[in-house]
Amino acid sequence: EAQVTQNPRYLITVTGKKLTVTCSQNMNHEYMSWYRQDPGLGLRQIYYSMNVEVTDKGDVPEGYKVSRKEKRNFPLILESPSPNQTSLYFCASSPSRGKGEKLFFGSGTQLSVL
Amino acid sequence: GDSVTQMEGPVTLSEEACLTINCTYTATGYPSLFWYVQYPGEGLQLLLKATKADDKGSNKGFEATYRKETTSFHLEKGSVQVSDSAVYFCALSNQAGTALIFGKGTTLSVSS
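Those protein sequences? They're chains A and B, same order as listed. Numbered by my numbering, the letters in the first sequence go through residues 7 to 120 in order. Numbered by my numbering, the letters in the second sequence go through residues 4 to 115 in order.
Below, the structure written as structure tokens:
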């Protein structure tokens, strides 16, 4: 089944403890992206990647890192999480960059930073 | 910069009622426009899209028309069902095609 898989689904951590949220897609998509969803704000893009080893900042990149060493994986790294990073995170992918391209979303990771 | 404004929710309807969720946008160039739906506990799914002016996107009884003159992409359905209860997001593609710009979302609740 074609899908975007994120792990974990839920995560509770404490301020300053490094964490990684994994994202993997099995559709051979070139483009991948991370969004965060906050009440009253909709979804905002954190980082995106147009292909292996090519990543760039979105609208809200502060406090996050990403890497794209393989085409299928695009982990989101929080080196020193803070409470304002408590949010619902979504990974998404599409066959390529493009204005009309459909994004395929993962099921989300609910992160709480205490 | 590019932005999307959609009507505030929640929207509460009875089954078989008509639905309209308003969406207007501000963008440079000619973006593609999308409606995504998020069911409880799930990720977003594409509901419909339109890539140029006057295009009509449709799916599962929902439809929306890309209106360049009014910069709008309103979502409509003639008869809603309980299973349509979800959060609906209007979105546009940025000019580079590297991101979707989302509205804040509208929660729809349909009761039988």
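From the three backbone atoms N, C-alpha and C, an ideal C-beta is built for every residue, glycine too.
Under a three-way DSSP split, which group does B/S86 fall into? helix
CB-CB under 6 Å to B/V29, same chain, minus the five flanking residues each way: which ones, in chain order? In the sequence under discussion, the amino acid at residue 29 of chain B is Thr, which differs from the Val named in the question. Counting only Cβ-Cβ distances below 6 Å, and skipping sequence neighbours, we find S6.
Do B/C21 and B/L78 have their beta-carbon atoms positioned less than 8 Å apart in this structure? no
By Cβ distance, which residues of its chain are closer than 7 Å to A/E85, with the 5 residues on each side in sequence left out? K24, K71.
Alpha carbon to alpha carbon, how far is A/V10 from B/S88? In this structure, the alpha-carbon of A/V10 lies about 24 Å from that of B/S88.
Report the option in A/S99, A/R15, A/Q43 whose CA atom is closest to the CA atom of A/T26. Among A/S99, A/R15, A/Q43, the Cα nearest to that of A/T26 belongs to A/R15.
Cα-Cα separation between B/N97 and B/G32, rounded to whole angstroms: 9 Å
Let me make sure I understand the geometry here. Which of A/L117, A/M56, A/L120 has the alpha-carbon closest to that of A/E76? A/M56
Same chain only: Cβ atoms within 8 Å of A/R74, ignoring 5 sequence neighbours per side: Cβ within range, chain order: M38, S55, N57, V58, E59, V60, T61, F80.
Going by other Cβ atoms of all chains shown within 10 Å of its Cβ, with 16 needed for buried, is A/I52 buried or exposed? It counts as buried.
Helix, strand or coil at B/N97 [DSSP, three-state]: Residue state, collapsed to three classes: coil.
In this structure, does DSSP put A/N32 in helix, strand or coil? coil
Is DSSP giving B/Q48 helix, strand or coil here? If DSSP states are grouped into helix, strand and coil, B/Q48 belongs with the strands.
In three-state DSSP terms, what is A/N91? Residue identity differs from the one stated: residue 91 of chain A is Gln in this sequence, not Asn. A/Q91 falls in the helix class under three-state DSSP.
For B/E79, report the span of its beta strand (DSSP E) as first-last. For B/E79, the enclosing beta strand (DSSP E) starts and ends at 78-80.
CA-to-CA distance, A/P67 to B/T73, given in whole angstroms: 33 Å
Would B/E19 and B/S82 qualify as a contact pair, given that the criterion is a beta-carbon distance under 8 Å? yes
I'd like the ranges of any beta strand (DSSP E) spanning at least 3 consecutive residues and lying wholly in the segment 56-84 of chain A. Counting whole runs of 3 or more residues, the segment 56-84 of chain A contains the beta strand (DSSP E) stretches 60-63, 82-84.
Taking B/A67 as part of the beta strand (DSSP E), name the residues at either end of that continuous run. 65-68
Just checking: is the beta-carbon of B/F92 within a distance shorter than 8 Å of some beta-carbon in chain A? yes
For A/Y70, would you say it is in contact with chain B, using Cβ-to-Cβ distances shorter than 8 Å as the test? no
Determine whether the Cβ of A/R74 lies closer than 8 Å to any Cβ atom of chain B. No Cβ of chain B is located within less than 8 Å of the beta carbon of A/R74.
Cross-chain neighbours of B/F65 in chain A, by beta carbon under 7 Å: In chain order: nothing, as chain A lies at least about 16 Å away.
Taking 8 Å as the threshold, find out whether the segment 7-15 of chain B comes into contact with the segment 103-115 of chain A through three or more Cβ pairs. Not touching, per the Cβ criterion.
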